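According to mature numbering (1 follows the signal peptide of the UniProt record, and there is no 0), the stretch in the sequence shown is residues -23 to -1, 1 to 382, in order.
This report refers to the structure that appears directly beneath it.
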Amino acid sequence: MTSLRIFFVEAAVLGLMVWQMDAETAFLNPKMDRVLYISFPEGWKQQDPKATGLLVRKGLYGFKQSARLWWLDVVSKLRDLGFVHSDADWGIFVRVEPNGDRTIVFVYVDDFLIAAKTQALIDSVREGLKASYRMTDIGLVSSVLGIKVQQLNNGFALSQGHYIDTVLERFNMTNCRPESSPMAVGTKLVPEGVPLTDAQLFQALIGCLMWIALSTRSDISFVVSALSHLNGCPTQAHYQASLRVLRHLKATRDLALVLAPARSTDSPSLLATPTPTGPETSKTAALSLVESEYVALTEAVKDAIWLRTAVLAYDQTAPQAVGIVLKGDNQGSIALAQNPGWHRRTKHIDLRYHFVRWQVEEGAIKLEYVGTSDQVADIFTKATPTPVLVKHRSSLGLLDPANVV
């Protein structure tokens, strides 16, 4: 989903319109890469009594290689149209036009999003794809992967209000009491308790909540991640905690992830939802809080470097050595990364976690201290009071589109 967010941010920054297409029976298009036979399907009238099967000439749904064959075919066709794929994500393709403008194609299985300055450029890609595949023209994008896409004056807003309504109805929560936060401060989710009679009910709800958190609502990712660790043996208390998340979503169903040039330079929304890191999730036995934060910092650096590579794919002429600013609220971990002379304090740390130090020395990463009260990532690590939650989710770009100018 991060790649999709990057796509819409770049479309907003470059002032592109976005057109949507769908490939019909996608996996039936590419040629088979090996000799493969199948038995006659039921109802088949075979004229040759000596024949024992059928030779497969093209991909079929159900074959393990069908998805890869389709993908390779799409890459080949887009290359013929002048596109170059991103090294960070092969779902993103960029073509530089003669006047320097960029046309971008985002591919997710059989869904195609085409972003370009003019309708004529979009039409050139449309016709090129139609020459190879049976394509359905959907028009200017309004919904992708079940996510509503709203074009603003200067950007896009991604939301899942309709899906939230569907989940509320599925779990008989349409008329529930709204909650201002997804989890009460101080809530402890313990494994013990009265077992839930229908564990699959809890698991299904967590699956729905995870999709919402991963797509547009990273502000609920902490509680959803915590609840997902209890999928094996959920209790009634766990189920009630998950229903509270639903009540919060009902109260905030109109929030959307706003992706616009004015917000993209400072907003961490591209990386949301982040990978949980820290003392409670790290697989490394840290000897102190500082060391644990240092390990988590390394994981953040890895994500940030990938993000830079993904963004630079849209503009090959952009400076490649732009330093990424990472803000942390632990001064000790920042000092460890910036001071390689602290050998006594760091000699026991696994060598791979010093990756952050190497990136700082090369200037690829810049570390800055931020006070805990201003640390947006706090909502990804703990339950926070409602005012703090509202403040930080706004910083992530989670806003009501009706109030966005």
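Beta carbons: idealized from backbone N, C-alpha and C, even for Gly.
Remember, it's a predicted structure, so these values are computed and weren't measured experimentally.
Considering only heavy atoms of the ligand GTP, does any lie closer than 7 Å to the CB of residue i?
i     : result
Val52 : The ligand GTP is absent from the structure shown, which contains no ligand whatsoever.
Where residue i and residue j are concerned, what is the direct C-alpha to C-alpha distance, given to the nearest angstrom?
i        : j      : result
Gly(-9)  : Ile115 : 21 Å
Val144   : Cys185 : 7 Å
Ser372   : Gly305 : 16 Å
Tyr85    : Ser101 : 20 Å
Leu(-20) : Gly170 : 40 Å
Ser119   : Lys324 : 54 Å
Ala65    : Val82  : 14 Å
Leu117   : Ala97  : 14 Å
Tyr140   : Gly123 : 7 Å
Ile183   : Leu366 : 21 Å
Tyr330   : Asp280 : 14 Å
Asp50    : Val61  : 14 Å
Pro155   : Arg230 : 10 Å
Pro378   : Ser53  : 39 Å
Trp335   : Leu234 : 34 Å
Looking at residue j and residue i, is the spacing between their C-beta atoms short of 8 Å?
i      : j        : result
Ser269 : His225   : no
Val121 : Gln42    : no
Phe40  : Leu55    : no
Thr151 : Ala218   : no
Pro132 : Ala(-12) : Here the sequence assigns Gly to residue 132, which means Pro is not the residue at that position. Cβ atoms of Gly132 and Ala(-12): closer than 8 Å.
Val200 : Ala(-1)  : no
Ile91  : Arg72    : no
Ala277 : Leu303   : yes
Leu207 : Leu236   : no
Ile301 : Lys343   : yes
Asp314 : Tyr271   : Per the sequence shown, the amino acid found at residue 314 is Ala instead of Asp. Closer than 8 Å, so yes.
Ser136 : Leu223   : no
Ala3   : Asp57    : no
By the DSSP assignment, the alpha helix (DSSP H) with residue i in it spans what residues?
i      : result
Ser198 : Ser198 to Ser205
Ile326 : Element bounds for Ile326: n/a, residue is neither H nor E.
Gly209 : Run containing Gly209: none; DSSP gives neither H nor E here.
Ala28  : Note, Ala28: premise wrong, no alpha helix (DSSP H); not H, not E.
Arg370 : Thr363 to Ser372
Leu274 : Leu266 to Leu289
Is DSSP giving residue i helix, strand or coil here?
i           : result
Lys227      : helix
Gln308      : helix
Lys8        : strand
Ser63       : coil
Pro159      : coil
residue 390 : Lying outside -23 to 382, the shown extent of the chain, residue 390 is not represented and no answer is given.
Gln127      : strand
Arg72       : strand
For residue i, report the span of its beta strand (DSSP E) as first-last.
i      : result
Trp188 : Unbroken run through Trp188 is the alpha helix (DSSP H), Ala176 to Ser192; no beta strand (DSSP E).
Glu345 : Ile342 to Tyr346
Asp142 : Per DSSP, Asp142 belongs to no beta strand (DSSP E); it is in the alpha helix (DSSP H), Gly138 to Arg147.
Gly116 : Met112 to Leu117
### Message
Taking contact to mean 3 or more Cβ pairs, one atom from each stretch, closer than 8 Å, check whether the region 27 to 34 and the region 10 to 18 are in contact.
### Response
Judged by Cβ distances under 8 Å, the region 27 to 34 makes contact with the region 10 to 18, as three or more pairs qualify.
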